[in-house]
Structures are given as structure tokens and as C-alpha cells.
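Numbering (our numbering), first residue to last: 1442 to 1699. Beta carbons are placed, not taken as given, at the ideal position from N, Cα and C, and that holds for glycine.
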Amino acid sequence: MIILKSPEEIERLRVSNRIVANALAQVVKAVKPGVSTDELDRLAEDLIREAGATPAFKGYRGYPRTLCTSINKEVVHGIPSPDRKLQEGDILSVDVGARYEGYYGDTAVTIGVGQISPEAQRVMEVAQEALHRGIACARASNRLFDISNAIQRCAEGAGFSVVRQFVGHGIGAALHEEPQIPNFGEPGQGPRLSAGMVLAIEPMVNRGGSDVRLLSDNWTVVTADGSLSAHFEHTILVAEDGAEILSRPDGASEGAHD
């Protein structure tokens, strides 16, 4: 069942998503060669707790940390570690969630570490553009797979692939709610979107094939062919005339993407 949010719930979701967006903005500023993913994780947890929230991922289904930090061929769910130090030329996906007064925020971005290759830059740009094309379709009266199809066409039109085993999702009083939002599909299909739906849209775009595999830590997902992957996510509110991006940091303009 897809849950439509009340005005009071939406206000709490605005706060929780602003908290994760502000934390992510500070983590991004701290990214540089030589920094460990553990340092980024501790920074994010401190910022979330200082804002009066709790980390959403820590302890979720046994996940051990606040952030998911996925490097290069890692698609999602990379576990922060003192031993994982960022290197010049890496690309890093940072995914962060928080719970505030019973409601969840969730957002992610992929960034370059120092100078990165044109190929890495391109897959990041396409993944981010795919996210915003998907968001542009998140309006009342559209169908859910209109979002999915916009993401797929953007990624595949650039010569890349979308990950099919992992999806976006509804979000609210639970971190993962219905509906599931694939990053591929036929337009005009799926449930009709309604004002009051809150969705976490998150394309994962691979430079090579779409297949992925799970590492032995039972969390980290990597591309099967070792190609680069980029991941972007926003939590959005569906409205009659379009979508409101909830996961913007304080001070971000209405036209800002990430």
C-alpha cells in the first residue's frame, strides 16, 4: 500500500531530509585524497546527532555504520573503514539517512576525489541527469514507471546501463515503504502518482553492463564487470504541479540539484 502523507508528516519529512542534506554537504566538503571513509562516517554521525536526529542506516538489518561509502566499481552499500583511504581519481558514492521524530530522510551523491578521468566525470554527470529527469516526471496524474523510463532512457541513451537489482522506494515513518521504483520500465505503467506521495528516487548508473554481484561482507555491491558506477538520490514530495525536492541543504536555491 502506498501511503499518502499528511501535512504534519510532510513537515517532519522536510526536517529529516534537510538534516541528511546538510550532513551530506559537509561530508562532501571533507572529501579529498588521503581521507578515510571512516573519518567521513564519524563526521556524518556527529552532524546528524547534533541536529537532533539519529542515523537511519546504523543497525538497520545489521548494517554497522552511518554512511554507505562506495568507491569506483562499488555500486551501493560500501562499508566505511579506517583502511579505506580515498585516492586521487576515485569516485565516491556517499549515501546517508537519518530519522527525526519518527520520520526518515535519505539522499546520496557521487563525487570525484581530486582530478578524475573524463570517463568518470561522464558517468557521474549522466547519473545525476538521470535523477533529475526522473524527478521531472514525478507529478500527480503521471504513472510510477514514467519516472523509471526517464531514468533508463537518459542512462542508456548515453551508452551506459542502469542497475536493475536495486530500486528507489517510498519513504516516511519507515525507511523503505511502497512503492518500489525501478530505474527501468515502460512509460504509462505502474500506480498513478498522487499528491502527498514521498519517494526516494535513486538511479545507479554503470559505465559497463548492468549486472552486479555481492561481496563477501554481505553488504557491498559491485559491478560484475568491474566498470565504474555512480549513484544519486533525492527524496521528493509529489505535488499536483511537479515535485518538491525535500533533500536540499539549507540555503540551496530552488533550482539547485545537489
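- With respect to the 8 Å criterion, ALA1571 and ILE1489 are not classified as neighbours on the basis of their beta carbons.
- Judged by DSSP in its simplified three-state form, MET1565 adopts helix.
- ALA1471 and SER1447 have their alpha carbons spaced roughly 36 Å apart.
- Look at THR1661 here: in three-state DSSP terms it is coil, with no helix or strand label.
- As DSSP reads the structure, ASP1547 sits in a beta bridge with GLY1538.
- Excluding its 5 nearest sequence neighbours in each direction, ALA1497 has C-beta neighbours in its own chain below 6 Å: GLY1538, ALA1539, ARG1540, TYR1545, LEU1616, listed in chain order.
- Here the alpha carbon of GLY1650 sits roughly 29 Å from the alpha carbon of TYR1501.
- Taking ALA1591 as the centre and dropping the five residues before and after it, the same chain places the C-beta of ARG1574, GLY1575, CYS1578 closer than 6 Å to its C-beta, in chain order.
- Of all alpha-carbon atoms in SER1522, ILE1612, ALA1581, MET1645, the one lying nearest the alpha-carbon of VAL1476 is that of SER1522.
- Membership of ARG1453 in the alpha helix (DSSP H) is indicated by the continuous run 1448 to 1471.
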